[in-house]
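Data first, discussion second: the structure below is written as C-alpha cells.
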C-alpha cells in the first residue's frame, strides 16, 4: 500500500511537471518519445566518493548526455527524484541539504516526491527546501 501511494504521488508530480512544459498539439498516428530518468535515496551524497560513485557533477554529466541524445532523436526527457535527499552526510545535513537542492536545480530536475527522510527535520526545513527547489 505504501508503495502504491508513493507511485501515485510520483505520477501526479510527473503530470504537474509536464504541464509546465510547452504543449505540443496532438497529432493522430504520430509517435511521441519520452525518456524518464529517476533517482532516489540521494541522502546528501553531492560529492563524489573515493570510489568514484555518486556526485551531482557526475549525475549532471550523464543527464546532459542523455538529454542531448534523446533530443537528437526528437524526444523529451523527464527527470524525477523519489526523494530521500536528507539525512546522509554531515556536509549536507548541517546545511539542510541546500547544496543538494542547488545541484538538483542545476541538473534540471522536473519533479521530486517527498521521501521519508524529508520529514526527519522540522516542517520549517521542508518549507525552505520547497522554496529553494526550482522544480
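Numbering (mature numbering (1 follows the signal peptide of the UniProt record, and there is no 0)), first residue to last: -25 to -1, 1 to 110. Glycine residues also receive a C-beta, built at the ideal position from the N, C-alpha and C atoms. Bear in mind that the values here come from a model prediction, so they are computed numbers and not experimental data.
Are residue i and residue j touching if we call contact CB-CB under 7 angstroms?
{"i": "residue 104", "j": "residue 76", "result": "yes"}
{"i": "residue 19", "j": "residue 64", "result": "yes"}
{"i": "residue 50", "j": "residue 8", "result": "yes"}
{"i": "residue 21", "j": "residue 74", "result": "yes"}
{"i": "residue 11", "j": "residue 37", "result": "no"}
{"i": "residue 60", "j": "residue 17", "result": "yes"}
{"i": "residue 55", "j": "residue 32", "result": "no"}
{"i": "residue 101", "j": "residue 93", "result": "yes"}
Counting along the chain, where does the alpha helix (DSSP H) carrying residue i start and finish?
{"i": "residue 41", "result": "31 to 47"}
{"i": "residue 66", "result": "65 to 68"}
Can you grab the Cα-Cα spacing for the pair residue i / residue j, in whole Å?
{"i": "residue 4", "j": "residue 39", "result": "29 angstroms"}
{"i": "residue 97", "j": "residue 71", "result": "10 angstroms"}
{"i": "residue 47", "j": "residue 25", "result": "34 angstroms"}
{"i": "residue 91", "j": "residue 34", "result": "22 angstroms"}
{"i": "residue 66", "j": "residue 41", "result": "29 angstroms"}
{"i": "residue -1", "j": "residue 83", "result": "24 angstroms"}
{"i": "residue 78", "j": "residue 44", "result": "22 angstroms"}
{"i": "residue 29", "j": "residue 95", "result": "22 angstroms"}
{"i": "residue 62", "j": "residue 68", "result": "6 angstroms"}
{"i": "residue 106", "j": "residue 15", "result": "20 angstroms"}
{"i": "residue 99", "j": "residue 2", "result": "45 angstroms"}
Let me see if you follow: with CB-CB separation under 7 angstroms, is residue i close to chain D or not?
{"i": "residue 18", "result": "The structure shown has no chain D; it contains just one protein chain."}
In the DSSP assignment, find the beta strand (DSSP E) that holds residue i and state where it starts and stops.
{"i": "residue 54", "result": "51 to 56"}
{"i": "residue 11", "result": "9 to 14"}
Bridge partners for residue i per DSSP, in chain order?
{"i": "residue 20", "result": "Residue 20 is not bridged to any residue."}
**Asked** If you scan the segment 73 to 108 from start to end, which runs of the alpha helix (DSSP H) of 4 or more residues do you find wholly inside it?
**Response** Fully enclosed alpha helix (DSSP H) runs of 4 or longer: 73 to 82 and 98 to 107.
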